[in-house]
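S.K.:
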Amino acid sequence: MDVALPEALRAAIDRRLEGQGRAGLAQRALALSEGYRRGRASSALVKGEADALAYALTRTPATYAAARRALEEVLALRPAFAPTRLLDAGAGPGGGGWAALDALPGLTAVTRLDHSAAFLDLAEDLAAAGPAALTTATRLRADLTDPALVLPDADLILAAYALTEVPAATLPGVIDKLWSATRGVLLIVEPGSPEGWRRGLEIRTALIAAGARLVGPCPHTAACALRSPDWCHFAQRLPRGREHRLAKGGAAPFEDEKFFWLAFERPVARAPDRPAGRIIAPPRPGKPGLRLRLCQPDGRVEDAEILRRNRAVYARARRLGWGETFDPEAPQ
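Residues in the sequence shown are numbered consecutively from 721, following this note's numbering.
Okay, here's the thing in structure tokens:
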């Protein structure tokens, strides 16, 4: 299913685009894309309002879609999770906050943290058309790598496409800071690249060692069974509007954002989870049935074939997609 920006956010971005030269925006968007591919951070690429707007036009639809999808997966695993306080760490133009409010309308207090004044200014302007929790969000201009930074506590901390810009030497300190402020769930979304996955595994190891309980996507806490050149990632399709296509120089009316997510929670007393495998590649239909690549609760990666003759299980499996969980023995 496609995940599109909320209408209010899309309209707010369109309003900010009025009077902007399309050629200039396209050039800035290209410069941002090339810079990120070379590993440069937003602090070096986003210098002012025009750069922030180019990012909002070309990247916010994708970062919103990935964060929204990751939140859906968390809520599928923790349906009773009902946070009221959100810390959007590395908020950029604020797309992650919009995704969180869309998935969790009970949020009443939002803190938007970023190092860039241009991003924070744009996020505040775009949020004027959004839910009350976004229009009244607390602004915190800070660098996550600052050793003196003390983060406010939050029930949900979202770090979407933020840790990929943190130098390896300072990443452990940033992770410790985020986890120390987490009172419910810490959700991390990273690019769905081999490097994003490898960094995610480092974060996973560190947080499990610190006592965090892994929510997902892994159905286990054993070492990852995948080996290079394979890597774990997911994809979310999103529509491209006319301005989006023009800025990115593409003709397709959609794009597929590849991403990787991790969620951790404070351990609480509750009934044990029913283990279920996670689909870690696009399902492959065939004549005898459906082939699913599954990360299993025992730590194995398995190619499972769901045969058509097993009608009930096959009917359930064929409705599932890449990134969802599958338990062949779940009650019908």
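Where is the CB? At the ideal position from N, CA and C, for every residue including glycine.
Since the structure is predicted, the reported quantities are computational estimates derived from the model, not experimental observations.
As an exercise, report each continuous beta strand (DSSP E) stretch of at least 3 residues that is fully enclosed by the region 867-928, in chain order.
M.R.: You should have 874-880 and 902-911.
S.K.: Using DSSP's beta-bridge definition, name the partner residues of Val1009.
M.R.: Note on residue identity: the sequence assigns Gly, not Val, to residue 1009. Looking at the DSSP assignment, Gly1009 forms a beta bridge with Leu1027.
S.K.: Among Leu898, Leu927 and Pro939, which has the Cα closest to the Cα of Leu807?
M.R.: For the residues Leu898, Leu927 and Pro939, the minimum Cα distance to Leu807 belongs to Leu898.
S.K.: Output the boundary residues of the alpha helix (DSSP H) element that contains Trp818.
M.R.: Element bounds for Trp818: Gly815 to Ala823.
S.K.: Compute the distance between the beta-carbons of Asp722 and Arg960, then report whether it is under 8 Å.
M.R.: Cβ distance not < 8 Å, so Asp722 and Arg960 don't count as in contact.
S.K.: Considering only their Cβ atoms, is the gap separating Arg919 from Thr1108 smaller than 8 Å?
M.R.: This structure cannot settle anything about residue 1108, because the visible part of the chain is limited to 721 through 1052.
S.K.: Going by DSSP, which residues form a beta bridge with Ile999?
M.R.: Paired residues: Leu1014.
S.K.: Return the residue from the list Pro992, Arg990, Asp993 and Arg1013 that minimises the CA-CA distance to Ala1001.
M.R.: The candidate whose alpha carbon is nearest that of Ala1001 is Arg1013.
S.K.: For the pair the region 786-794 and the region 853-872, tell me if three or more CB-CB distances fall below 8 Å.
M.R.: They do not touch, by the three-pair rule.
S.K.: Looking only at its own chain, which residues have a Cβ that is under 7 Å from the Cβ of Glu977, when we skip the five neighbours before and after it?
M.R.: Answer for Glu977: Ala782, Ala785, Ala786, Ala955, Gln956 and Leu958, listed in chain order.
S.K.: Return the bridge partner residues of Leu806 from the DSSP annotation.
M.R.: BP columns for Leu806 point to Val830 and Leu876.
S.K.: By DSSP, does Phe979 sit in helix, in strand, or in coil?
M.R.: Residue state, collapsed to three classes: strand.
S.K.: Taking the Cβ atom as the reference point for each residue, do Cys952 and Leu946 lie within a distance shorter than 8 Å?
M.R.: It is a contact, given that the beta carbons lie within the stated cut-off.
S.K.: Within 10 Å of its beta-carbon, does Ser900 have 16 or more other beta-carbons around it, so buried, or fewer, so exposed?
M.R.: Exposed, since its Cβ has fewer than 16 Cβ neighbours within 10 Å.
S.K.: Enumerate in chain order the residues of its own chain whose CB-to-CB distance from Ala724 is below 7 Å, with the five nearest sequence positions on each side excluded.
M.R.: Cβ neighbours of Ala724 beyond the five flanking positions: Leu958 and Pro959.
S.K.: Expressed to the nearest angstrom, what Euclidean distance is found between the alpha-carbon atoms of Arg986 and Asp875?
M.R.: About 10 Å.
S.K.: Would Pro867 and Gly893 qualify as a contact pair, given that the criterion is a beta-carbon distance under 8 Å?
M.R.: Contact flag set, yes.
S.K.: Does the Cβ-Cβ distance between Ala1050 and Leu1010 come in under 8 Å?
M.R.: Not in contact: Ala1050 and Leu1010 (Cβ atoms no closer than 8 Å).
S.K.: Nearest-angstrom Cα distance between Leu846 and Arg1031?
M.R.: Roughly 48 Å separates the two Cα atoms.
S.K.: For Leu689 versus Glu769, is the C-beta distance shorter than 8 Å?
M.R.: Outside the shown range of the chain (721 to 1052) lies residue 689, about which nothing can therefore be said.
S.K.: Taking buried to mean at least 16 other C-beta atoms within 10 Å of its own C-beta, is Phe974 buried or exposed?
M.R.: Classification of Phe974: exposed, given that the 10 Å Cβ count is below 16.
S.K.: State buried or exposed for Arg990, treating a residue as buried only when at least 16 other CB atoms are found within 10 Å of its CB.
M.R.: So Arg990 ends up on the exposed side.
S.K.: Buried or exposed for Ser836, please, with buried defined as at least 16 other CB atoms from any protein chain shown within 10 angstroms of its CB.
M.R.: It counts as buried.
S.K.: For Leu811, which of helix, strand or coil comes out of DSSP?
M.R.: Checking the sequence shown, residue 811 turns out to be Ala, not Leu. In the structure shown, Ala811 sits in coil (DSSP, three-state: anything other than H, G, I, E or B).
S.K.: Output the boundary residues of the beta strand (DSSP E) element that contains Leu958.
M.R.: Looking at the DSSP string, the run of the beta strand (DSSP E) that includes Leu958 is Phe954 to Pro959.
S.K.: For Phe801, which option in Asp1023, Ile877 and Tyr1034 has the closest C-alpha, if you only look at C-alpha atoms?
M.R.: Among Asp1023, Ile877 and Tyr1034, the Cα nearest to that of Phe801 is on Ile877.
S.K.: If you draw a straight line from the alpha carbon of Glu844 to that of Ala823, how long is it in whole angstroms?
M.R.: Rounded to the nearest angstrom, the two C-alpha atoms are 20 Å apart.
S.K.: Going by C-alpha distance, which of Arg1029, Asp896, Lys1007 and Pro1003 is nearest Asp1053?
M.R.: Nothing about residue 1053 can be reported from this structure: the residues present for the chain run from 721 to 1052 only.
S.K.: Leaving out five residues on either side along the sequence, give the residues of the same chain with a beta carbon under 8 Å from the beta carbon of Ala848.
M.R.: For Ala848, where only same-chain residues beyond five positions count, the Cβ hits under 8 Å are Ala732 and Thr855.
S.K.: Buried or exposed, going by whether 16 or more other CB atoms sit within 10 Å of the CB of Ala948?
M.R.: Sequence inspection shows Ser at residue 948; the Ala mentioned does not correspond to that position. Ser948 is exposed by the Cβ-count criterion.
S.K.: Ala820 and Val905 - do their beta-carbons sit closer together than 8 Å?
M.R.: No, they are not a contact pair.
S.K.: What residue from Asp771, Gly1019 and Arg832 has the CA that sits closest to Leu678's CA?
M.R.: It is not possible to answer for residue 678, since the shown part of the chain is limited to 721 through 1052.
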